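Protein chains: 2
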Amino acid sequence: MSLTHIQSFVAVAEEGHVGRAARRLHLTQPPLSRHILALEDELGAQLFERTPRGMRLLPAGEAFLQHARRILAEVDAAVHTVRGVGSERSEP
Amino acid sequence: MSLTHIQSFVAVAEEGHVGRAARRLHLTQPPLSRHILALEDELGAQLFERTPRGMRLLPAGEAFLQHARRILAEVDAAVHTVRGVGSERSEP
DNA sequence: ACGCGTTACGTATCACGTAAATATC
DNA sequence: GATATTTACGTGATACGTAACGCGT
């Protein structure tokens, strides 16, 4: 499991479409599709239903989405916090 | 930034020692040391003070540690949740 | 036939481990 | 000189993109 895979998952979940998500992430479809397959394989559960129109979240996917968003938010918070603390050298 | 780097950081923070953390992670020192350096580079802040006895957390490192633990806990929760939901196929 | 996701495959990048270097006591 | 981290360097694994495929409408 990697943060990249999680970001990919969230993008596909939000777009409901691998192609659009790929463009949003500045990536091509195949690697993005592989991210999702790797996640599903690692979790041992199908996260999306493949329809002719795109990708629909399954219950397991909805559950994962909530955690995925919190993970990414926490990573963001970590970065901002450290950058804040890190710049506290000598106050101007 | 990767989950591996974050795990490495937590291990070093807890052990205060790259060598011990490396053994705990079943890894050698060099890659582990590089994980920390990569994190510090990416965050633009020094996380540890290098002493002859090992590694001591700096304020920025302490701040990051809290977030790091929450990230890893959230990842764990995500995995367990999905595995739980995923096994709800047809109840036995 | 079209639009979607996936698989095949070749190449560039990344990440490891062994070995050597650097630094502090 | 011993113990700690870090850099050098060679090799195996990863991950991308292009192209070809499979499937349903």
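Line by line, the protein sequences give chains A and B.
Here my numbering is used: the first residue of the first sequence is 20, the next is one more, and so on.
Here my numbering is used: the first residue of the second sequence is 20, the next is one more, and so on.
Glycine included, C-beta positions come from ideal geometry on N, C-alpha and C.
A quick note: this is a predicted structure, and the numbers were derived from the prediction, not measured.
For residue i, the residue or residues it bridges with in DSSP
i: leucine 76 (chain A); result: A:Phe67
Cβ of residue i within 8 Å of any chain B Cβ
i: proline 78 (chain A); result: yes
i: arginine 102 (chain A); result: yes
i: phenylalanine 28 (chain A); result: no
i: phenylalanine 83 (chain A); result: yes
i: leucine 62 (chain A); result: yes
Residues of its chain near residue i, where Cβ-Cβ distance is below 7 Å and the 5 sequence neighbours each way are ignored
i: leucine 77 (chain A); result: Gln65, Leu66, Phe67, Glu68
i: histidine 36 (chain A); result: Gly73, Met74
i: glutamine 48 (chain B); result: Val37, Gly38, Ala41
i: alanine 57 (chain A); result: His24
Simplified DSSP assignment, three categories, for residue i
i: serine 27 (chain A); result: helix
i: threonine 47 (chain B); result: coil
i: glycine 103 (chain B); result: helix
i: histidine 36 (chain A); result: coil
i: serine 21 (chain A); result: coil
i: glutamate 110 (chain A); result: Residue placement at glutamate 110 (chain A) cannot be trusted, given a pLDDT of 41 that sits under 50; what the coordinates show is reported in the next sentence. Residue state, collapsed to three classes: coil.
Neighbour flag for residue i against chain A, beta carbons, 8 Å
i: alanine 87 (chain B); result: yes
i: glutamate 93 (chain B); result: yes
i: alanine 57 (chain B); result: no
i: methionine 74 (chain B); result: no
i: valine 31 (chain B); result: no
i: alanine 40 (chain B); result: no
i: serine 52 (chain B); result: no
i: valine 98 (chain B); result: yes
i: glutamate 110 (chain B); result: With a pLDDT of only 42 at glutamate 110 (chain B), under the threshold of 50, the placement of this residue in the model should not be trusted; the figure read from the coordinates follows. Not one chain A Cβ lies under 8 Å of glutamate 110 (chain B).
i: leucine 22 (chain B); result: yes
Spatial neighbours of residue i in its chain, beta-carbon cut-off 8 Å, leaving aside the 5 residues before and after
i: valine 31 (chain A); result: Val37, Ala40, Leu51, Ile55, Phe67, Met74
i: alanine 79 (chain B); result: Leu62, Ala64, Gln65, Leu66
i: glutamate 33 (chain B); result: Ala40
i: glutamate 112 (chain B); result: What the structure shows of chain B is the stretch from 20 to 111, and residue 112 (chain B) is not part of that stretch, so it cannot be assessed.
i: leucine 91 (chain A); result: Leu22, Ile25, Gln26, Val29
i: arginine 43 (chain A); result: Ala30, Glu34
Cβ shell of residue i (< 6 Å), same chain only, five flanking positions each side left out
i: valine 104 (chain A); result: none
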